[in-house]
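Letter by letter, the sequence shown follows residues 7 to 154 of our numbering.
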Amino acid sequence: MAVDGTENSLRVGEYAVKLAKRLEAEVYFIYVIPRTTLRMPRLIATFTQLQERLQSLTPLPPCIREKIMRETFPILEKLRISAEAHGLRPEFIIAEGDPAVKIVEEVKNGRYDLIVVGYRSRSILTAFPGSVTRKVLEKSQVPVLVVK
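Take a look at the structure:
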C-alpha cells in the first residue's frame, strides 16, 4: 500500500489492512520521499544533456527530509497499530525518488499481488486521480486497487 503521509492515505491504509485481514494476506506499506523538483531551461541542445540533468537530481536537504518524516511518521505509526490490531505484521519500505517509479520498482523486485493506492490528488482537480496514482496504473504489472 502506497502511503503519502496524508490523512487520506491513513483512510486508504485502513482499508488495505482490512482487505489483507480478509484475504489472509501480508501487508506492506511504502512511503517514498520525493526528490527535489527539476527546473529545466527551455532549450536543451541534446538528448544526452537532458539525460545528464535527470541523472543529477539531488535529494531533498536533510532538514526538509526530517520535516517530511516527522509529519509522515504518525500516519505510519497509526497504520502499524491498526495492522497489528487485526493480527497482521506490517512491513514498511521507505524509499527516496519519484514516488510512482519507486512503487513500481518495488513491486517488480518483490513478490506482491496487488498495489493499493488512494484516488485523491493533492491538486484542486479532484475529479481525476492524482499523478502518482495515474503513473502507477500505467506502469504496474500487477493489479492496482484505487480506493476513493
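We treat Cβ as the ideally placed atom computed from N, Cα and C, and that holds for glycine.
Only a predicted model underlies this, so the values are computations on that prediction, with no experimental measurement involved.
**Given G124 as reference, the closest of N115, P40, S137 once Cα atoms are compared** = Taking the sequence shown and counting its residues from 1, the one referred to as residue 124 is at position 118. Taking only the C-alpha atoms, the option nearest G124 is S137.
**Asked** In this structure, does DSSP put G19 in helix, strand or coil?
**Response** Residue 19 sits at position 13 when you count from the first residue of the sequence shown. Helix.
**Prompt:** Which runs of the alpha helix (DSSP H) spanning at least 4 residues fall entirely within the region 98-122, listed in chain order?
**Reply:** 105-115
**Item:** From I39, K154, R71, R140, residue whose alpha carbon lies closest to that of P105
**Value:** Counting from 1 along the sequence shown, the entry for residue 105 is found at position 99. When only C-alpha atoms are compared, the closest one is I39.
**Message:** Within a Cβ cutoff of 6 angstroms, which residues of the same chain sit near A8, ignoring the five residues on either side of it in sequence?
**Reply:** Position 2 of the sequence shown, counted from the start, is the residue given in the question as residue 8. So the qualifying residues of the chain are I36, I109, V123.
**Prompt:** Per DSSP, what kind of secondary structure is G93 in: helix, strand or coil?
**Reply:** Locating residue 93 in the sequence shown gives position 87, counting from the first residue. Note: G93 maps to coil in three-state DSSP.
**Item:** Cβ-based neighbour list, E77, same chain, cut-off 7 angstroms, excluding 5 preceding and 5 following
**Value:** Working through the sequence shown from its first residue, we reach residue 77 at position 71. Result list for E77: G11, in chain order.
**Message:** Cutting at 6 angstroms between CB atoms, please list the residues of its own chain near K154, excluding the five before and the five after it.
**Reply:** Residue mapping note: residue 154 aligns to position 148 of the sequence shown, counting from 1. Closer than 6 angstroms at Cβ, skipping near neighbours: Y125.
**Request:** Look up V152 in the DSSP assignment and say whether it is helix, strand or coil.
**Result:** What you label residue 152 is simply residue 146 of the sequence shown in a count that begins at 1. Strand at V152.
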